[in-house]
Ligand code: ATR
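In the working numbering, the protein residues as written are 22 to 303.
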């Protein structure tokens, strides 16, 4: 008797643009696994119904905006890392029990280690932005041993609120907030080993005007989680100023590879996933 193909998916709104189905289906095919990964548009008002009726029919799924935080109360169990981050990007249906994970931060760390051999323990890190992506990176970088993290954001109050809420969860976390315009920003850049852009600046080729490159520690790695364009204006400019750069596509690949492993128990080829991603983006 032929076994039924197991369904996987990504849910979100919008979801049409997602590159995950191409990446995941290529890796599933390569591993000879009988799964099929598709996109499911779930509007904000439909999440409740989706979780009650449809989620259980899937073997697992990825979660993207705007559901990453809202999905938590709908799950049977959320692993501590995802709970600390306050967001879930991966759900695994374990014998009818829906379990929430977050592979974004660890996907980022794996990409940084694999591609740049950057050592997070004892390093000082400055993150541009204070949204959901910044939050997941702070938690993972802290757990990986970063000695100090600075959140630099256009709206200082938002960075301060995020820093306050994370420091309540992690008593040993050394986390500071600063604005992009005050004197603290260049001061912090001087001590930075790794600069990460988590803002939407860079999408569609937008740039940070007058970035104070002279203030950044010489040799500091500059990383962008924006993956399209691959070389964002920030990365191009960093390269011109002699800094090693880390592009955003690796985080997308490794967060997907970690989700794949949770669902199937198999490790996919990150190389294959990256090849498909680049082909789709070109
Ligand atoms: P996500 O949750 O996906 O990480 P988000 O919540 O949409 O993203 O947050 C976007 C981030 O990009 C914020 O830190 C935002 O800064 P504000 O808090 O000041 O809004 C930042 N951002 C967006 N446009 C920006 C710009 N033109 N210059 C600087 N920062 C910008």
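Glycine included, every Cβ here is placed at the ideal spot set by N, Cα and C. Keep in mind it's a predicted model, so treat the numbers as computed, not measured.
Burial state of residue 302 (16 or more Cβ within 10 Å) = Taking the first residue of the chain shown as position 1, residue 302 is located at position 281. Residue 302 comes out exposed.
task = Check whether the stretch 74-87 touches the stretch 46-53, counting contact only when three or more Cβ pairs, one atom from each stretch, lie closer than 8 angstroms.
result = No, the stretch 74-87 is not in contact with the stretch 46-53.
task = Taking 8 angstroms as the cut-off, decide whether the C-beta atoms of residue 171 and residue 147 are in contact.
result = Start at 1 with the first residue of the chain shown, and residue 171 comes out as number 150. Start at 1 with the first residue of the chain shown, and residue 147 comes out as number 126. The answer is yes: Cβ separation under 8 angstroms.
task = Give the DSSP-derived three-state secondary structure of residue 154 in the structure shown.
result = Against the chain shown, residue 154 aligns to sequence position 133. The DSSP-derived three-state label of residue 154 is helix.
query = Around the C-beta of residue 212, are 16 or more other C-beta atoms found within 10 angstroms, so that it is buried, or is it exposed?
reply = Your numbering for residue 212 matches position 191 in the chain shown. Taking a 10 Å sphere around the C-beta of residue 212, we find fewer than 16 other C-beta atoms and assign the residue as exposed.
task = State the Cα-Cα distance for the pair residue 203 and residue 45, rounded to the nearest angstrom.
result = As a first step, residue 203 must be located in the chain shown, where it is residue number 182. As a first step, residue 45 must be located in the chain shown, where it is residue number 24. So the two alpha carbons sit approximately 43 angstroms from each other.
ask   = Going straight from the alpha carbon of residue 216 to that of residue 248, what length do you get?
value = Here the question's residue 216 lines up with position 195 in the chain shown. Here the question's residue 248 lines up with position 227 in the chain shown. Approximately 16 angstroms, taken between the alpha carbons.
key: At least 3 beta-carbon pairs within less than 8 angstroms: the stretch 135-145 vs the stretch 117-124   = Contact fails between the stretch 135-145 and the stretch 117-124, because fewer than three Cβ pairs, one in each stretch, are under 8 angstroms apart.
message = Measuring only the C-alpha atoms, how far is residue 284 from residue 160?
response = Residue mapping note: residue 284 aligns to position 263 of the chain shown, counting from 1. Residue mapping note: residue 160 aligns to position 139 of the chain shown, counting from 1. Each residue's alpha carbon lies about 23 angstroms from the other.
ask   = Can you check whether the CB of residue 89 is closer than 8 angstroms to the CB of residue 18?
value = This structure gives no information on residue 18, because the portion of the chain shown stretches from 22 to 303.
ask   = Relative to the alpha-carbon of residue 39, which residue among 59, 24, 129 has its alpha-carbon at the smallest distance?
value = Position 18 of the chain shown, counting from 1, holds the residue named residue 39. Comparing Cα-Cα distances from residue 39 to each of 59, 24, 129, the minimum goes to 59.
request  = Specify whether the stretch 224-233 and the stretch 179-199 touch according to this definition: at least 3 beta carbon pairs, one from each stretch, less than 8 angstroms apart.
outcome  = With a cut-off of 8 angstroms, the stretch 179-199 and the stretch 224-233 do not count as touching, because too few Cβ pairs lie within range.
request  = Identify which residue in 166, 201, 274, 48 has its Cα closest to the Cα of residue 232.
outcome  = By 1-based counting over the chain shown, the position of residue 232 is 211. Comparing Cα-Cα distances from residue 232 to each of 166, 201, 274, 48, the minimum goes to 201.
ask   = Could you give the residue range of the alpha helix (DSSP H) that holds residue 118?
value = Translated into positions along the chain shown, residue 118 becomes position 97. Element bounds for residue 118: not the alpha helix (DSSP H) but the beta strand (DSSP E), 118-122.
For residue 40, three-class secondary structure by DSSP = As a working mapping, residue 40 is identified with position 19 in the chain shown. DSSP places residue 40 in coil when its eight states are reduced to three.
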